[in-house]
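What follows is a single structure, written as structure tokens, with notes after it.
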Amino acid sequence: KAGVTQTPRYLIKTRGQQVTLSCSPISGHRSVSWYQQTPGQGLQFLFEYFSETQRNKGNFPGRFSGRQFSNSRSEMNVSTLELGDSALYLCASSFPSGSYNEQFFGPGTRLTVL
Amino acid sequence: AQKVTQAQTEISVVEKEDVTLDCVYETRDTTYYLFWYKQPPSGELVFLIRRNSFDEQNEISGRYSWNFQKSTSSFNFTITASQVVDSAVYFCALSEVLSGYALNFGKGTSLLVTP
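Protein sequence lines correspond, in order, to chains A and B.
Residue 9 in the working numbering sits at position 9 of the first sequence, and the numbers go up by one each step.
Convert by adding 114 to the 1-based position in the second sequence; the result is the number in the working numbering.
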């Protein structure tokens, strides 16, 4: 079975721009979660989607948003980028329906904001 | 407040030594889950183990073992006869009902195993 895939793997943007990251979960997984990893704050939960609905949300500003499609693929969007948004963004999927099961992570998208 | 504390920021050992990574957590939930993940230099988080709060049995998987003690709110991870390939950052994480089961990670312990 293919693992979680994320595209693109690397991204360079400038302040004020917006960015969209994509995540394809493991086949059959319906829950997708997003995490931000920075050297200062560590790994922080952004949000979780299940059956196209946001089921849980972390403590991030409204500039961070996401969505999930009917095939469980998910995208996250960051608008009006700030330097502090530079991070590794990790996507994780889980089965059958609860995030309390083990979450399988993708390789991440490394975003650099200049 | 930090819910998961990994007090050891960096550990360096010589190959074949045993090493224990500490994890202390804090929760008000009676039902919760604890996890360990490994993050090699490639960046991808690799799932190692999940434990629920009702299962305090220790777990052994090859050279890896985990000690879960509710009385001290600890979930420690031991690598026996460490190898260079064990070099990575290891994260302990807590999943609670109160937080919608989102993974709450510790800051991680960077383990370096030298030949």
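Every residue, glycine too, gets a C-beta built ideally from N, C-alpha and C.
Please read these numbers as outputs of a predicted model, since none were measured by experiment.
- Which of the three DSSP states, helix, strand or coil, is assigned to K184 (chain B)? helix
Requested in this report: Reducing DSSP to helix, strand and coil, say where L159 (chain B) ends up.
Outcome: When secondary structure is reduced to three states using DSSP, L159 (chain B) falls in the coil class, being assigned neither helix nor strand.
- Message: Among the candidates B:A195, B:F168 and B:R177, whose CA atom is the shortest distance from the CA of Q183 (chain B)?
- Response: Shortest Cα-Cα distance from Q183 (chain B) to any of B:A195, B:F168 and B:R177 involves B:F168.
From G58 (chain A) to L46 (chain A), what distance separates their C-alpha atoms? 5 Å
Terminal residues of the continuous beta strand (DSSP E) containing K221 (chain B)?
Taken as a continuous stretch (DSSP letters only), K221 (chain B) belongs to no beta strand (DSSP E), as it is neither H nor E.
Within the 8 Å Cβ cut-off, does F60 (chain A) reach chain B?
-> no
In angstroms, rounded to a whole number, what distance separates the CA positions of N172 (chain B) and G157 (chain B)?
28 Å
*asked:* Helix, strand or coil for G42 (chain A)? Go by DSSP, reduced to three states.
replied: strand
Neighbour list for S156 (chain B) in chain A, Cβ cutoff strictly below 8 Å:
P107
Open item on the list: Looking at the secondary structure, which residues open and close the beta strand (DSSP E) in which R110 (chain A) lies?
Closed with: T109 to V113
Q.
Just to confirm my understanding: we take T194 (chain B), look at its own chain, exclude 5 residues before and 5 after, and list those with CB closer than 6 Å. What are they?
A. D132 and R177
Cβ shell of E210 (chain B) (< 6 Å), same chain only, five flanking positions each side left out:
If you ignore the 5 residues before and after E210 (chain B), its C-beta comes within less than 6 Å of the C-beta of T141, D143 and Y146, all in its own chain and listed in chain order.
Quiz item: How would you write the range of the beta strand (DSSP E) that L135 (chain B) sits in, first residue to last?
Solution: V133 to L135
In chain B, which residues lie less than 8 Å from N71 (chain A) when you measure between Cβ atoms?
Chain B residues near N71 (chain A): none, gap ~22 Å exceeds 8 Å.
(Q) Can you look up V199 (chain B) in the DSSP assignment and give me helix, strand or coil? (A) helix
What in chain A is Cβ-close to G176 (chain B), meaning under 7 Å?
Neighbours of G176 (chain B) on chain A: none; closest Cβ ~18 Å, over 7 Å.
At least three beta-carbon pairs within less than 8 Å, the region 78 to 88 of chain A to the region 104 to 113 of chain A: Enough Cβ pairs lie closer than 8 Å, so yes.
Worksheet item: How about V118 (chain B) and N218 (chain B): do their beta carbons lie closer than 8 Å?
Response: N218 (chain B) is positioned such that its CB atom lies closer than 8 Å to that of V118 (chain B).
| request: Return the chain-ordered list of same chain residues with a C-beta closer than 6 Å to the C-beta of S179 (chain B), the five sequence neighbours on each side being excluded. | output: The answer, listed in chain order, is T192.
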